[in-house]
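A.B. asks: Would you mind keeping the following structure in view while I ask a few things?
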Amino acid sequence: MSAGDLEGAAAQERLARLAKVDELRARGDDPYPTGFRRTHTCADLRREWDGRLEAGATTDDEVRVAGRVMLLRTQGRLVFATARDGTGDIQYFVSRADLGPEAFARFEHDVDRGDWVGVEGTVMKTKRGELSVRVRSYTVLAKSLRPLPEKWHGLQDVDTRYRQRYVDLIVNADARRVFGIRFAAIAAMRDLLARRGYVEVETPVLQPVPGGATARPFQTHHNALDMDLSLRIAPELYLKRLVVAGFERVFEIARVFRNEGISTRHNPEFTMLELYEAFADYTDMMRLTEDLLVAAAQASVGTTVVEWEGATVDLTPPWPRRTLLDLVEEHAGVAVHPSQPVEELRKVCDHLDVPYEEPWGPGKLVLEIYEKTTEHRIAGPTFVLDYPREVSPLARAHRDDPTLTERFELIVGGRELANAFTELNDPIEQLARFEAQARMKELGDVEAHGVDTDYVRALEYGLPPTGGLGIGVDRVVMLLAGVGSIREVILFPHLRPEHQHPRPEPDGSGPR
RNA sequence: GGGUCGCUAGCUCAACUGGCAGAGCAACGGGCUUUUAACCCGCAGGUUCAGGGUUCGAGUCCCUGGCGACCCA
């Protein structure tokens, strides 16, 4: 990699560090050696010695540790360096008396903040009580060429934080905290499902008929087969094929792709936990949702009461269960039902200032009224039950009302965190639902569900009664970490290209 | 898609109503044997996001564009 992105002082500094690389090599020291055998991590050192050494104590305990130099304090013939590894940090106590004048001068000159440095020495505690390694010899393990951001304020520029997440993670403890929560939450959910006998599976990302959600897919092309494929918008239809196959409990932590705008709530690729359980229905899925989120919260933040977007969210179960229609009546002040004629519902929309489109049937109109007037006001956690059948092409009709489905969404802070239903397992009805979606697609709905005839064929072999659940992992992590933007919980979020200078048009008018 | 705000040294930020582009950290040179964002002295570092315009004079005002943040749809 060239330094084409560096100018001025930064380029100068990089050249100075490259000169140090050359000097190391000239002396026979590899600035990028093959390895370093360490005896302890920083956490090991603190665990074994921190409690039993007094300030000023020295030992003969030999250790080898390695870390990135995060802070350097030189004090005449002493250097104090704070080094950090994956477990924590430790101070290197570097003394001219211990190293000898030549090696000491080399250390002062060679080592910059940001370098990876391994040391060999003895464990001690300074007069001020800081556990340290008294360094007898050191090895540069990886010479850094670029300076780290300011040591106190860290890296603040959000654009750079996302583009160079590695730097963000080096210098910003809060970024490390957020991703620690993410990894712990995912591990906890995976563990809980494994303990309950769920099998983790992998299903196709490249799909000929993207299904399982209403969303625009990314299109791609397989050259050898000369066929168009889509990146999956959900793993749902493949996971249910596996339930047909006899896997009674399956799940996948699936990266899915939706060709939509980018915002604080949307990234074009995000992570869903989807699971299916034979002989369960959506009420079982509610209990499982509670169990999963409580496990994730306890494992990652140690509590089920969290602060999010200025509100306190109490995840202690059970969570309220409210029907969508009741909630609309409560928040919009109108009783609606998908059995009403379209004309009546359009009048309600006009009254509530909810825009609608010509092809929408009563179910879609009811959903739109809910989303525009009610959903964002639900603090939650609340299970919103019984969505209209017209907008739920994969969910089983409600046992008490055929215009509705046995489906819920979990809403917290006005946002959908999970979506679940008693699965539709009647192949004839599924085909009819697909065909209704296909008609919507013909009328211009780019998000309408495609007809997956192989999925219908699978259903014809018999899908047992099944409950299914999808959890928006990124949004759950946002909740647990208390952050407002999905970009804060995705390691490498999508951004526009970094360097894009306007290219003058031939007529001189510039880009549009 | 619309609106508001932002972009100044590698990083974090100043620069009043249009009037000499600055500080701290980092770097570089020097001092300092118990520091914790160490400290002290010195030195260097700029296409003020890009392009155009107004003006005696633009970081600052206007226009176009880029990137980002926030709000709305």
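Each residue of the first sequence is one higher than the one before, counting from 1022 in this note's numbering.
Yeah, the Cβ is synthetic: ideal placement off N, Cα and C, and Gly gets one too.
Across the region 1330-1345 and the region 1400-1408, are there enough close Cβ pairs to call them in contact, namely three or more that are closer than 8 Å?
C.D. replies: The region 1330-1345 vs the region 1400-1408: in contact.
A.B. asks: Which value, in whole angstroms, describes the spacing of the CA atoms of threonine 1292 and alanine 1356?
C.D. replies: Each residue's Cα considered, the two are about 36 Å apart.
A.B. asks: Using 8 Å as the cut-off, can you tell me whether the region 1463-1473 makes contact with the region 1502-1511, which would need three or more C-beta pairs spanning the two stretches below that distance?
C.D. replies: The region 1463-1473 vs the region 1502-1511: no contact.
A.B. asks: Using 10 angstroms around the beta-carbon of proline 1238, count the other beta-carbons present and answer buried if the total reaches 16, otherwise exposed.
C.D. replies: Flag for proline 1238 reads buried.
A.B. asks: Tryptophan 1173: buried (16+ other C-beta within 10 angstroms of its C-beta) or exposed?
C.D. replies: Classification of tryptophan 1173: exposed, given that the 10 Å Cβ count is below 16.
A.B. asks: For the 8 Å Cβ check, are there 3 or more pairs between the region 1228-1235 and the region 1248-1261?
C.D. replies: Contact between the region 1228-1235 and the region 1248-1261 is present, because at least three Cβ pairs lie under 8 Å.
A.B. asks: Helix, strand or coil for lysine 1146? Go by DSSP, reduced to three states.
C.D. replies: Correct three-state label for lysine 1146: strand.
A.B. asks: Classify alanine 1076: buried if its beta carbon has 16 or more other beta carbons within 10 angstroms, exposed otherwise.
C.D. replies: Answer is exposed; the Cβ neighbour count stays below 16.
A.B. asks: Can you tell me the Cα-Cα spacing of proline 1514 and arginine 1286, whole angstroms?
C.D. replies: Cα to Cα, the separation comes out at about 12 Å.
A.B. asks: What is the rounded straight-line gap between the Cα of alanine 1040 and the Cα of phenylalanine 1057?
C.D. replies: One C-alpha to the other measures close to 23 Å.
A.B. asks: Return the CA-CA distance between arginine 1134 and phenylalanine 1128, expressed in angstroms with no decimal places.
C.D. replies: Going by the C-alpha atoms only, they are around 12 Å apart.
A.B. asks: Please report how far the alpha carbon of aspartate 1495 lies from the alpha carbon of arginine 1478, in whole angstroms.
C.D. replies: The straight-line gap from Cα to Cα measures roughly 33 Å.
A.B. asks: Can you tell me where the alpha helix (DSSP H) holding threonine 1474 begins and where it ends?
C.D. replies: From DSSP, the alpha helix (DSSP H) with threonine 1474 extends over 1474-1481.
A.B. asks: Tryptophan 1329 bridges to which residues according to DSSP?
C.D. replies: Bridge partners of tryptophan 1329: Ala1332.
A.B. asks: In chain order, which alpha helix (DSSP H) runs of at least 4 residues are fully inside the region 1075-1157?
C.D. replies: Here the runs fully enclosed are 1117-1120 and 1122-1131.
A.B. asks: Quick check on the burial criterion: 16 or more other C-beta atoms within 10 angstroms. Buried or exposed for tyrosine 1482?
C.D. replies: Burial call: exposed.
A.B. asks: Looking only at its chain, what residues have a beta carbon closer than 7 Å to the beta carbon of glutamine 1033, apart from the 5 residues adjacent to it on each side?
C.D. replies: So the list is empty, once near-sequence residues are dropped.
A.B. asks: Output the distance between the C-alpha atoms of leucine 1093 and threonine 1103, rounded to the nearest integer angstrom.
C.D. replies: Rounded to whole angstroms, leucine 1093 to threonine 1103 spans 7 Å at the Cα level.
A.B. asks: State the beta-bridge partners of valine 1277 as determined by DSSP.
C.D. replies: DSSP lists Phe1291 as partners of valine 1277.
A.B. asks: What residue range does the beta strand (DSSP E) around phenylalanine 1442 cover?
C.D. replies: Segment 1436-1443, the beta strand (DSSP E) holding phenylalanine 1442.
A.B. asks: For isoleucine 1283, which three-state DSSP category applies?
C.D. replies: The answer is coil: DSSP assigns isoleucine 1283 none of H, G, I, E or B.
A.B. asks: What residue range does the beta strand (DSSP E) around glutamine 1177 cover?
C.D. replies: Glutamine 1177 -> no beta strand (DSSP E), and no H or E assigned at all.
A.B. asks: How is histidine 1522 classed by DSSP in three states: helix, strand or coil?
C.D. replies: Only weak support exists for where histidine 1522 lies, its pLDDT of 40 falling under 50; the value from the coordinates is given anyway. DSSP places histidine 1522 in coil when its eight states are reduced to three.
A.B. asks: For valine 1497 and alanine 1317, which I take to be in contact (beta-carbon distance under 8 Å), what is that distance rounded to the nearest angstrom?
C.D. replies: Between alanine 1317 and valine 1497 the Cβ distance is about 6 Å, and since that is below 8 Å, they are a contact.
A.B. asks: For a test of the three-state rule: what should DSSP assign to proline 1409, helix, strand or coil?
C.D. replies: If DSSP states are grouped into helix, strand and coil, proline 1409 belongs with the strands.
A.B. asks: State the Cα-Cα distance for the pair threonine 1487 and glycine 1354, rounded to the nearest angstrom.
C.D. replies: Distance between the alpha carbons of threonine 1487 and glycine 1354: 35 Å.
A.B. asks: Work out the CA separation of tyrosine 1187 and proline 1523 for me, nearest whole Å.
C.D. replies: With a pLDDT of only 36 at proline 1523, under 50, the local geometry of the prediction cannot be trusted, and no value is derived from it.
A.B. asks: With a 10 Å radius around its C-beta and 16 neighbouring C-beta atoms as the bar for buried, classify leucine 1313 as buried or exposed.
C.D. replies: Its Cβ being crowded by 16 or more others within 10 Å, leucine 1313 is buried.
A.B. asks: Assuming glutamate 1290 contacts arginine 1276 (C-beta within less than 8 Å), just tell me the rounded distance between them.
C.D. replies: Right, their Cβ atoms sit about 6 Å apart.
A.B. asks: Return helix, strand or coil for serine 1009, following the three-state DSSP convention.
C.D. replies: There is simply no residue 1009 to check, as the chain begins at 1022 and stops at 1533 in what is shown.
A.B. asks: Contact defined as beta carbons within less than 8 Å: I believe glutamate 1411 pairs with proline 1362. What is the distance between those atoms, to the nearest angstrom?
C.D. replies: Wrong, their Cβ atoms sit about 14 Å apart, outside the cutoff.
A.B. asks: With a threshold of 16 other CB atoms inside 10 Å of the CB of phenylalanine 1204, please say whether the residue is buried or exposed.
C.D. replies: Flag for phenylalanine 1204 reads exposed.
A.B. asks: Would you call the CB atoms of alanine 1416 and threonine 1426 closer than 8 Å?
C.D. replies: Their beta carbons are under 8 Å apart, which means alanine 1416 touches threonine 1426 by this criterion.
A.B. asks: Are the region 1258-1266 and the region 1217-1224 touching, with three or more C-beta to C-beta distances below 8 Å?
C.D. replies: Cβ pair count under 8 Å is three or more, so yes.
A.B. asks: What does the Cβ neighbour count give for serine 1530, buried or exposed, with the cut at 16 atoms within 10 Å?
C.D. replies: Because serine 1530 sits at a pLDDT of 32, beneath the cut-off of 50, its placement in the model cannot be relied upon, and the following sentence gives the value as read from the coordinates. Exposed is the call here.
A.B. asks: For tyrosine 1159, write down the residues that DSSP places opposite it in a beta bridge.
C.D. replies: Answer is Val1140, bridged to tyrosine 1159.
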